[in-house]
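If you're matching positions, the sequence shown starts at 1 in the UniProt record's numbering and goes up one per residue. For reference, the structure discussed in these notes is given below.
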Amino acid sequence: MTTNLVESFNAWLKEERHYTIFNLVMTHMDKFAHLACDHMGSTENWKAAIGPKTEEKLLENIIKSGSLPVYPYVGGVFKVFNMKVYVDVNLRERTCTCKAWQMAGIPCEHACAAIRQMKQDVYEYVDSYFKLPMQELIYSGHFNSIPNHNMPIVDADGCVRDAQGRLYPSLKPPCSKRPPRRPRHRRIESQFSSKRLIFCSRCQVAGHNRASCKNPLPAP
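Okay, structure coming up:
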């Protein structure tokens, strides 16, 4: 189990995560709408039934499958030798014992070898959600923006004024005490993220720097 999705989302809103809740939501909506428009527009430039990145991965697998021996079995099953071990490819169920086809949705090199053995089109075995009709369906929906022309504003004296000019008392801070120390700004990184190893310039030992070094220096 990993937090790759959360890490990507956190990195996407790296600057906006320090905003207020309202500004964070508004900025996130603007960025998401811009991203959806870019992806929808990029599908118009597709030269094949699948996207260019997906096609690049598929072509790599097709090239790797060129020298793989294929042995057909009954029921749409093929035995493919990858110069180390044998794997089974089932074209009817669209599975391979290496699990790469099921995980990625793109025929692996073993599946490409079996498909080419049958003189069939490899592109037809790519999962439907990579193809143009499904991509158009994904981005065919829409969501409305939130106009803020009638949002209340805060006066210099701290009072809240709505669009009709009515005044309301401002919201006071909570009565609870603020935790000690400064608020944390750096996000809590994943335990799987790689960290740069530092070395002490005084004793040349890893794990600390010169300011916190407590190791005795060797005798001259």
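From the three backbone atoms N, C-alpha and C, an ideal C-beta is built for every residue, glycine too. It should be emphasised that the depicted structure is a prediction, and the values quoted were computed from it without experimental measurement.
Discussion item. DSSP three-state label for I106, please.
Written reply: As a first step, residue 106 must be located in the sequence shown, where it is residue number 106. Reduced to three states, the DSSP call for I106 is coil.
Worksheet item: Leaving out the 5 sequence neighbours to the left and right, which residues in its chain are closer than 8 Å to R202 when beta-carbon positions are compared?
Response: Walking along the sequence shown from the start, residue 202 turns up at place 202. So the list reads R210, C213, N215 and L217, once near-sequence residues are dropped.
Worksheet item: Nearest CA to the CA of F9: which residue from T20, K31 and I21?
Response: Taking the first residue of the sequence shown as position 1, residue 9 is located at position 9. When each option's Cα is compared against that of F9, the closest is K31.
Worksheet item: Under three-state DSSP, which class holds C37?
Response: Residue numbering aside, residue 37 sits at position 37 when the sequence shown is read from its first letter. When DSSP states are grouped into helix, strand and coil, C37 belongs to the helix group.
Practice prompt. On a CA-only basis, which of K14, T27 and A49 is nearest N148? Give me that one, please.
Written response: Here residue 148 is taken as the residue at index 148 of the sequence shown, counted from 1. Of K14, T27 and A49, the residue nearest in Cα terms is T27.
Worksheet item: In or out: T54 buried (at least 16 other Cβ within 10 Å) or exposed?
Response: Against the sequence shown, residue 54 aligns to sequence position 54. That one is buried.
Discussion item. So, at 6 Å on beta carbons, what are the nonlocal neighbours of R17 in its own chain, with the 5 sequence-adjacent residues on each side left out?
Written reply: Taking the first residue of the sequence shown as position 1, residue 17 is located at position 17. Correct list: empty, nothing qualifies.
Practice prompt. Run through the stretch 68 to 155 for me and flag every whole alpha helix (DSSP H) of 4 or more residues, listed as ranges in chain order.
Written response: Within the stretch 68 to 155, the complete alpha helix (DSSP H) runs of at least 4 residues are 100 to 104, 109 to 117 and 132 to 138.
Discussion item. For a test of the three-state rule: what should DSSP assign to L167, helix, strand or coil?
Written reply: Within the sequence shown, the letter at position 167 stands for residue 167. Strand at L167.
Worksheet item: Candidates Q204, I188 and H208: which alpha carbon is nearest M6's?
Response: Position 6 of the sequence shown, counted from the first residue, corresponds to residue 6. One point to set straight first is that residue 6 is Val, not Met, in the sequence displayed. Among Q204, I188 and H208, the Cα nearest to that of V6 belongs to I188.
Worksheet item: In this structure, does DSSP put I188 in helix, strand or coil?
Response: In the sequence shown, residue 188 corresponds to position 188, counting from 1. Of the three classes helix, strand and coil, the one that applies to I188 here is coil, per DSSP.
Worksheet entry | Chain-order list of residues whose beta-carbon lies under 7 Å from that of C98 (same chain, five-residue window excluded) | Locating residue 98 in the sequence shown gives position 98, counting from the first residue. So the list reads V87, C108 and H110, once near-sequence residues are dropped.
Practice prompt. Name the one or two DSSP bridge partners that V160 has.
Written response: Indexing the sequence shown from 1 puts residue 160 at position 160. Bridge partners of V160: V154 and Y168.
Worksheet item: Which residues in the same chain have their Cβ closer than 6 Å to the Cβ of H208, if we skip the five residues on either side of it in sequence?
Response: Working through the sequence shown from its first residue, we reach residue 208 at position 208. Result list for H208: C200, in chain order.
Worksheet item: When you compare only the Cα positions, how much space is there between P179 and Y123?
Response: Numbered from its first residue, the sequence shown carries residue 179 at position 179. Numbered from its first residue, the sequence shown carries residue 123 at position 123. Taking the straight line from one Cα to the other gives about 58 Å.
Practice prompt. Pull up the distance between the alpha-carbon of F168 and that of I21, whole angstroms please.
Written response: On the sequence shown, residue 168 is found 168 positions in, with the first residue counted as 1. On the sequence shown, residue 21 is found 21 positions in, with the first residue counted as 1. Per the sequence presented here, residue 168 reads as Tyr, with Phe not at that position. Roughly 21 Å separates the two Cα atoms.
Worksheet item: Leaving out five residues before and five after A33 in sequence, what residues of the same chain have Cβ atoms less than 8 Å from its Cβ?
Response: Within the sequence shown, the letter at position 33 stands for residue 33. Excluding positions up to five away in sequence, the list reads F143 and S145.
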